[in-house]
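Asker: In my numbering, each number is its position in the sequence shown, counted from 1, plus 351. Quick reminder that beta carbons are idealized off the backbone N, C-alpha and C, glycines included.
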Amino acid sequence: MVGAAAYVLAILLLFMAGGARRGAAAGGGQPIAFSHRLHAGQLKLDCQFCHFYARRSASAGVPSVGHCMRCHELVETKSPDLQKLREHWERRQPIAWSRVYDLPDHVVFSHEKHVRAEVACARCHGAVETMETVQPVQEEFTMGWCMQCHKERKASLECLSCHR
Ligand code: HEC
Ligand code: HEC
Ligand code: HEC
Ligand code: HEC
Ligand code: HEC
Numbered sequence: 352m353v354g355a356a357a358y359v360l361a362i363l364l365l366f367m368a369g370g371a372r373r374g375a376a377a378g379g380g381q382p383i384a385f386s387h388r389l390h391a392g393q394l395k396l397d398c399q400f401c402h403f404y405a406r407r408s409a410s411a412g413v414p415s416v417g418h419c420m421r422c423h424e425l426v427e428t429k430s431p432d433l434q435k436l437r438e439h440w441e442r443r444q445p446i447a448w449s450r451v452y453d454l455p456d457h458v459v460f461s462h463e464k465h466v467r468a469e470v471a472c473a474r475c476h477g478a479v480e481t482m483e484t485v486q487p488v489q490e491e492f493t494m495g496w497c498m499q500c501h502k503e504r505k506a507s508l509e510c511l512s513c514h515r
């Protein structure tokens, strides 16, 4: 349902977004200057419209080029970044996004458990819909930080819940 609603909204916004945002700083080290502020902020796309694995797996996942093209076959601007996106699509070549967050391998984390327990994305990732480029809001995800909320929410404090 979120998906359908987002499309209707996006189509309405196609007519409104032209000229809404111009000349924002590019990149932040990403291969294509994808803006959360535009897509999640101005266009109000739901986080899980793109990160749709969050509710059903450990990873939130990053959308494929095909997911972007569901809109960008129609939505074109003179942006060189959209040109790059189309080239990826034509060559069937995935985009090598740089990771922002990355836990050490000995830690187990699951988006599914947290999303189902209704912990908001913003509680851990900050106000991503205001960010041109995703910036880490936690210096790092430390054990103390995980434990503090687990105590408050009476979630597991067992070593083996978070460590293999
Ligand atoms: C239109 C699709 C789209 C929407 C909507 C979207 N994202 Fe993203 N998100 C991406 C893409 C593409 C990337 C990878 C590039 C980047 O880091 O900007 C990403 C990356 C991220 C990352 C960094 C992941 C990492 O560690 O590398 C976080 C955190 C994130 N998104 C959270 C959110 C949140 C929270 C929302 C809702 C407020 C949201 N996203 C909405 C497409 C989207
Ligand atoms: C629901 C529709 C939708 C989806 C899905 C979507 N976009 Fe967009 N995107 C838009 C709209 C609308 C604009 C604004 C166009 C304008 O400025 O007229 C836009 C603009 C852009 C721009 C150009 C910004 C500029 O400065 O002109 C880039 C680059 C972009 N999107 C990349 C992506 C990438 C990468 C994905 C997939 C991760 C994606 N988009 C998914 C609707 C979408
Ligand atoms: C309880 C804290 C927490 C919540 C809530 C949370 N995340 Fe994350 N997120 C993390 C951690 C920790 C990582 C790094 C995981 C790793 O390195 O294995 C991460 C990584 C990511 C990534 C990188 C790709 C991936 O799947 O690892 C994306 C995208 C992301 N989160 C989006 C979201 C979105 C969207 C939501 C809300 C639906 C959300 N997150 C909710 C803590 C959280
Ligand atoms: C803002 C609060 C919050 C933060 C921060 C948080 N968690 Fe959680 N966590 C929860 C809640 C709530 C649950 C679900 C408890 C339940 O389902 O009974 C949970 C569940 C889990 C589970 C599943 C445990 C089980 O036995 O099923 C794991 C694993 C986990 N968290 C790891 C982490 C890690 C690793 C971090 C830090 C990177 C973290 N969490 C940060 C609130 C949080
Ligand atoms: C809620 C999740 C969670 C629980 C429960 C948890 N840890 Fe951790 N632990 C983490 C995270 C996240 C890290 C990695 C970040 C860091 O180094 O602070 C970590 C790191 C560690 C490290 C490596 C520290 C270092 O300096 O690299 C050790 C050792 C450790 N944990 C032991 C334990 C023991 C023993 C328990 C049980 C008493 C436990 N952990 C319970 C999340 C958890």
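1) Apply the 10 Å Cβ neighbour rule to A478 and answer buried if 16 or more other Cβ atoms are within range, or exposed otherwise.
2) Grab me the residues of A411's own chain with a C-beta within less than 7 angstroms of its C-beta, minus the 5 sequence neighbours each way, in chain order.
3) Compute the beta-carbon to beta-carbon distance between R515 and V459, rounded to the nearest angstrom, for a pair I have assumed lies under 8 angstroms.
4) Under the rule that 16 or more other beta-carbon atoms within 10 Å means buried, what is A391, buried or exposed?
5) Beta carbon of F385: closer than 7 angstroms to some heavy atom of ligand 2?
6) Taking DSSP as the reference, what is the three-state secondary structure of G495?
Answerer: Put simply:
1) Exposed: under 16 other Cβ atoms inside 10 Å.
2) H402, Y404, A405 and H462
3) Confirmed, about 6 angstroms.
4) buried
5) yes
6) helix
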